[in-house]
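Down below is the structure, laid out as structure tokens.
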Amino acid sequence: MTAQSTANSKTLVVHYSAHGHTRRVAETITRALGADAFVLAPADAYSEPDLDYNDPRSRVSREHVDHSLRHVELVQDTPEGFADYDVVLVGYPIWWGEASWVMNDFVKHNDFTGKTVIPFCTSFSSPVGTSARDLAALSGTGDWRPGTRLEANTDAAGVRRWLDRLGVEA
363 MTAQSTANSK TLVVHYSAHG HTRRVAETIT RALGADAFVL APADAYSEPD LDYNDPRSRV
423 SREHVDHSLR HVELVQDTPE GFADYDVVLV GYPIWWGEAS WVMNDFVKHN DFTGKTVIPF
483 CTSFSSPVGT SARDLAALSG TGDWRPGTRL EANTDAAGVR RWLDRLGVEA
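Just so you know, we're using the numbering used here here: the sequence shown kicks off at 363 and counts up by one.
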């Protein structure tokens with residue numbers, strides 16, 4: 363993707379954030395690009411105890427082990443005017459080397475045909491792995507770019523450098 367190809371594009375930043383790290387990065391991207399934002403909200407929100415991956419009884423731990431529990435219904439899975447966007451940045455935390463399964467309903471219920479999709483994840487230690495490819499396969503449509511892992515504590519300057527390397531601009 364070149365800067366020229368994104369300069370006149372309508373851009374959307376979609377994200378789910380469990381602890382606020384992905385939200386902070388997504389908000390920085392949204393401001394830097396003058397993009398629209400859409401926050402994914404589970405209908406049954408995750409509490410802090412639900413997110414305790416060290417507790418085998420926590421919700422995410424049970425969902426990790428039993429994939430049948432991973433259906434996470436969203437309050438809204440399609441942003442208004444989604445068909446009008448050309449570029450969609452998709453942000454998520456990494457859970458056990460995978461994209462947070464909160465992303466699945468969003469990816470499955472939207473048509474990315476004709477859109478450039480730029481996945482990014484946040485983590486303190488886990489790599490992006492195959493998370494972006496897995497989401498692209500789940501979607502089946504769109505021009506999905508390779509995923510990028512940003513440190514969970516990446517500052518605004520680091521996010522802007524990443525956007526510059528991608529050639530994505532407002």
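Glycine included, every Cβ here is placed at the ideal spot set by N, Cα and C. Since the model is a prediction, treat every value here as computed from it, not as a measurement.
Exposure of R527 is indicated by the presence of fewer than 16 other C-beta atoms within 10 angstroms of its C-beta.
L413 sits in a helix when the DSSP states are folded into three classes. In this structure, the CA atom of R432 is about 32 Å from the CA atom of A518. Remark: C-beta atoms of V375 and L436 do not approach each other more closely than 7 Å. Contact annotation: the stretch 496–512 does not touch the stretch 399–412, with fewer than three C-beta pairs closer than 8 Å. Y447 sits buried, since 16 or more C-beta atoms from the chains shown fall within 10 Å of its C-beta. Restricting attention to L395, I391 and Y415, the CA atom closest to the CA of A380 is found in Y415. Two segments are said to touch when three or more pairs of C-beta atoms, one from each, lie closer than 8 Å; by this definition the stretch 388–400 does not touch the stretch 421–429. Pairing F482 with L525 gives a Cβ-Cβ distance that is not under 7 Å.
Spatial neighbours of D412 in its own chain (CB-CB distance under 7 Å, excluding positions within 5 residues in sequence) are listed in chain order as S420, R421 and V422. When rounded, the separation of the alpha-carbon atoms in N472 and R424 is 27 Å. Per DSSP, the continuous alpha helix (DSSP H) segment holding E389 begins and ends at H383 to L395.
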